Amino acid sequence: MALYPIEELPLSDAPIDREPARGSPPTDVYQLFLAVYHRGELSIGEYRQRLGYSSYHWAILVYDVKHDRHYAYDVTDGSSPDPVMRRDLNPDYQWTYRVKTNVHPESCDSLLIRMAIGEVSDGIGPETIKLLLQSVQLPIKGAFPPQNCVSWIRAVLYKLRFHGYARNLHDIEMTFDRALAYADIRLSDPDNSISVLDHLVHHNQINPGSRTVRSFTEQSAHTKRHHVSILESSIRQLERSTRQHVWKTRNIKYKTL
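Numbering-wise, UniProt numbering puts 256 at position 256 of the sequence shown, and it's gapless, one number per residue.
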């Protein structure tokens, strides 16, 4: 299977964009979210510091505004038990693409944040997103640097932006950093932190009618300053860790030449 740099993903494997006909009636609107889930003890303490982005699970959620319904897209290398045959359908723990329909974010205890990254309409919906994300190469076991749900989601974000489904997602790496920092905040202070936000921090809310959206204005000034301080500290720490990882990687490459 051919490997492609993230910035040069192939175009032929994606659904063809369909332009809306002039004068056509409005179609259903779907909101796209980057979702971050905690992984139990792997998301805290020493594991959190060592694993970085991989200390959380990452996925894409599509929200059907009209029907108040969510779809989830991710990759997993976990077991896949068959309740009928009573056997594991993924005994070798290979990476597989997974699609879930009619999920309920509000009742998912492991879901920390949903960050809005785009919006689609005019005939582009969950099925289009499903096919597009299915075309993104699955992580490869034993690859270096390691490939996992984080590397897959990164490629997904670049592809969504390229096809115009997340056209305002200007800085994908910054989006990752902010999502990670907000996940840390959410995990450490769930009662006073937001769970649904825009990829631009200064935006207050996504859908005013949603029960899960909490604006920054609903929080006290003290809580805001506290969260901003944690966010800035987390981003600075992440940037330092990234620079150290890049330096170590380069050093390893030089030694192997």
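Virtual Cβ for every residue (Gly too), placed ideally from N, Cα, C.
For clarity, every value in this text was computed on a predicted model and none was experimentally measured.
Task: Cβ-based neighbour list, S193, same chain, cut-off 8 angstroms, excluding 5 preceding and 5 following - done: The residues are Y182, I185, R186, H227.
Task: Residues that L34 bridges to, as DSSP identifies them - done: Residue pairing for L34: DSSP places it in a beta bridge opposite I60, M115.
- [ ] Examine the Cβ distances between the segment 138 to 149 and the segment 87 to 101 and report whether three or more of them are shorter than 8 angstroms.
- [x] Three or more Cβ pairs drawn from the segment 138 to 149 and the segment 87 to 101 lie within less than 8 angstroms of each other, which places the two stretches in contact.
TODO: Just grab the DSSP bridge partners of V103 for me.
DONE: DSSP lists H70 as partners of V103.
TODO: Tell me whether P126 sits in a helix, a strand or coil according to DSSP, three-state version.
DONE: Correct three-state label for P126: helix.
Open item on the list: For A35 and L111, which I take to be in contact (beta-carbon distance under 8 angstroms), what is that distance rounded to the nearest angstrom?
Closed with: About 6 angstroms; that satisfies the 8 angstroms criterion.
Task: Residue burial classification, L89 (beta-carbon count within 10 angstroms, cutoff 16) - done: Exposed is the call here.
Open item on the list: Quick check: P126 and Y165, are their CB atoms within less than 8 angstroms of each other?
Closed with: Cβ atoms of P126 and Y165: not closer than 8 angstroms.
Open item on the list: Whole angstroms are fine: how far does the CA of V196 sit from the CA of D171?
Closed with: Near 19 angstroms, if we compare the C-alpha coordinates of V196 and D171.
- [ ] Use the C-beta contact count for S43: other C-beta atoms within 10 angstroms, 16 or more gives buried, fewer gives exposed.
- [x] Using a 10 angstroms sphere on the CB of S43, the tally of other CB atoms reaches 16 or more, which defines it as buried.
Open item on the list: Tell me the rounded alpha-carbon separation between I153 and V84.
Closed with: Rounded to whole angstroms, I153 to V84 spans 32 angstroms at the Cα level.
TODO: Could you tell me if H67 is buried or exposed, where buried requires 16 or more neighbouring beta carbons within 10 angstroms of its beta carbon?
DONE: Result: exposed.
- [ ] Within its chain, find whatever has a CB closer than 7 angstroms to the CB of H203; leave out the 5 residues flanking it on each side and keep chain order.
- [x] Any answer about H203 is weak, because its pLDDT of 40 lies below 50 and its placement is not dependable; what the coordinates show is given next. No residues qualify anywhere along the chain.
TODO: Identify whether V65 lies in helix, strand or coil by the three-state DSSP scheme.
DONE: In the structure shown, V65 sits in coil (DSSP, three-state: anything other than H, G, I, E or B).
Task: 6 angstroms Cβ shell around Y73 - same chain, five flanking residues per side excluded - done: Cβ within range, chain order: I60, V99, L133.
- [ ] For L197, write down the residues that DSSP places opposite it in a beta bridge.
- [x] According to DSSP, which records beta bridges pairwise, L197 is partnered with M115.
Open item on the list: For V62 and K141, what's the separation of their Cα atoms in angstroms?
Closed with: V62 and K141: Cα-Cα distance of roughly 28 angstroms.
Open item on the list: Residues in the same chain with beta-carbon distance under 7 angstroms from R39, minus the five sequence neighbours each way, listed in chain order, please.
Closed with: Result list for R39: S55, Y56, H57, in chain order.
- [ ] Using 10 angstroms around the beta-carbon of H163, count the other beta-carbons present and answer buried if the total reaches 16, otherwise exposed.
- [x] Answer is buried; the Cβ neighbour count reaches 16.
- [ ] Would you list the one or two residues that DSSP bridges to Y97?
- [x] Answer is V75.
Open item on the list: Determine whether the beta carbon atoms of Y30 and F176 lie at a separation below 8 angstroms.
Closed with: Note that the C-beta distance between Y30 and F176 is not below 8 angstroms.
Task: Whole-angstrom distance between T27 and R48, CA atom to CA atom - done: Cα to Cα, the separation comes out at about 42 angstroms.
TODO: Would you mind working out which of L131, L138, L51 sits nearest D77, comparing C-alpha positions?
DONE: It is L138 whose Cα lies nearest to the Cα of D77.
- [ ] Would you decide whether S188 is buried or exposed? Buried here means 16 or more other CB atoms lie within 10 Å of its CB.
- [x] With fewer than 16 Cβ atoms within 10 Å of its Cβ, S188 is classed as exposed.
Task: Bridge-paired residues (DSSP) for P81 - done: The partner list for P81 (beta bridge, DSSP) reads D88.
Task: Simplified DSSP state of V156, which is helix, strand or coil - done: DSSP, read as helix, strand or coil, puts V156 in helix.
Task: R114 and F33 closer than 8 angstroms at C-beta - done: Taking 8 angstroms as the Cβ cut-off, R114 and F33 qualify as a contacting pair.
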